[in-house]
Amino acid sequence: MTTQSQPPGKMAFMLGMAAQVRARETVDGYVETYMRRNPAAHKALEAVVMQLTERSDHLRFDHLGFVAFGGVDGPGYKPIADVFTGLGWQERDTFELENGLVTARWYQPPSVDFPMVVVRELRVDRFGEECVEVCNKFVDDANNAGEETTRAAALTGGTPWRIEPGEDDLEVLGYYSPLLAWHLSHGYAAHAVAASVTGLAKSRSSGLAKSGKRAETHWHFAGANATVEDVRAVLERHGARMEDPAVVMSSDGSMRRVSTRGEGDCP
7 MTTQSQPPGK
17 MAFMLGMAAQ
27 VRARETVDGY
37 VETYMRRNPA
47 AHKALEAVVM
57 QLTERSDHLR
67 FDHLGFVAFG
77 GVDGPGYKPI
87 ADVFTGLGWQ
97 ERDTFELENG
107 LVTARWYQPP
117 SVDFPMVVVR
127 ELRVDRFGEE
137 CVEVCNKFVD
147 DANNAGEETT
157 RAAALTGGTP
167 WRIEPGEDDL
177 EVLGYYSPLL
187 AWHLSHGYAA
197 HAVAASVTGL
207 AKSRSSGLAK
217 SGKRAETHWH
227 FAGANATVED
237 VRAVLERHGA
247 RMEDPAVVMS
257 SDGSMRRVST
267 RGEGDCP
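Here it is in structure tokens:
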């Protein structure tokens, strides 16, 4: 008895479609958690989408940002990186930031339909012994919990340690860097979501022209017809808390960015 297999081309197409579905579900999961924790940013983003396009699925995300502990013997950035490299993202450049306290890695998506991923590794050992002592308590617990627990935490945007941080722990880490305390509380949840408004059409009521390039709750512009002030006005009108200054220029002078602030304990 013989069995008829799928043609190679069709099989590859089906596998490719399945991979795209998994990638989309993964990205959507991180974004939904971020928006749930930041309702004002969610409301502002919806308002901008309503004024720039007729359909929310026209919105593209520029990048997702994550943080992880480095410089200590724990899971580090690898679990969250593995989630995305397993779905087709490729590691590109690595940058040293804040005088070596942060190592940033960015990952190129498998297609333009998906966002870049940026992971900031916080070098705990360079912040001081007090930080190392606090973090070791939690990374040791993560190591004891095992790789499966850590992998599940990365996939769901959770914490790989099973013990709850105390106020004293958060206070110590927050003194050195709000990001240290944030990661201790939220683990592998997305710390930043940057939406790109490239290609969205203006609405007649908004008075906004085609907007340019990128947002985070950031809105980046590179040669757009709409002004940064137009988008800033929409964000403020719908309750977004703006960074100070709200509008900044990139270091190479190629684009301006409008940024909203995180809520609660999100720095």
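Position in the sequence shown (first residue = 1) + 6 = our numbering.
Yeah, the Cβ is synthetic: ideal placement off N, Cα and C, and Gly gets one too.
The structure displayed is predicted, hence computed values, not measured ones.
- With fewer than 16 other CB atoms across the displayed protein chains lying within 10 angstroms of its CB, T100 is exposed.
- For T109, the closest alpha carbon among the candidates K143, V124, S117 is that of V124.
- In this structure, G94 lies away from P121, with their beta-carbon atoms at least 9 Å apart.
- V240 places its beta carbon less than 9 Å from that of A53.
- In the three-state DSSP reduction, W188 falls in the helix class (H, G or I).
- Straight across, the Cα-Cα distance linking G152 with A196 is about 22 Å.
- With distances taken between CA atoms, D174 lies nearest to E136 out of E136, G71, T156, G92.
- By DSSP's assignment, Y113 forms a beta bridge with E97, V123.
- V73 is bridged by DSSP to R126.
- In the three-state DSSP reduction, R247 falls in the coil class, being neither helix nor strand.
- Here the stretch 28-35 does not lie against the stretch 71-84, with fewer than 3 beta-carbon pairs under 8 Å apart.
- Counting along the chain, no alpha helix (DSSP H) covers E170, and no H or E run does either.
- Nearest to T155 by C-alpha distance, out of F144, R168, K143, is R168.
- Cα atoms of L103 and E127: separation of roughly 10 Å, rounded to the nearest angstrom.
- In the structure shown, A196 adopts coil according to DSSP, grouped into three states.
- For D147, the enclosing alpha helix (DSSP H) stretches over residues 135-151.
- Between the C-alpha atoms of G82 and M248 there is a straight-line separation of about 31 Å.
- Under a 10 Å Cβ-count criterion, A24 is classified as exposed, with fewer than 16 other Cβ atoms of the shown protein chains found around its own Cβ.
- For R157, DSSP records no beta bridge to any residue.
- Per DSSP, the beta-bridge partners of A201 are F67.
- Per DSSP, the continuous alpha helix (DSSP H) segment holding V89 begins and ends at 84-91.
- In this structure, the beta-carbon distance from F144 to Y182 does not fall below 9 Å.
- G163 is positioned such that its CB atom lies closer than 9 Å to that of H192.
- By the criterion of a C-beta distance shorter than 7 Å, R157 is surrounded in its chain by P85, once the five residues flanking it on both sides are discounted.
- Scanning its chain for C-beta atoms nearer than 6 Å, with the 5 sequence neighbours on each side dropped, one finds around H69 the residues P121, M122, V124, A200, in chain order.
- A187 and L176 do touch by the CB rule: their CB atoms are close to 5 Å apart, below 8 Å.
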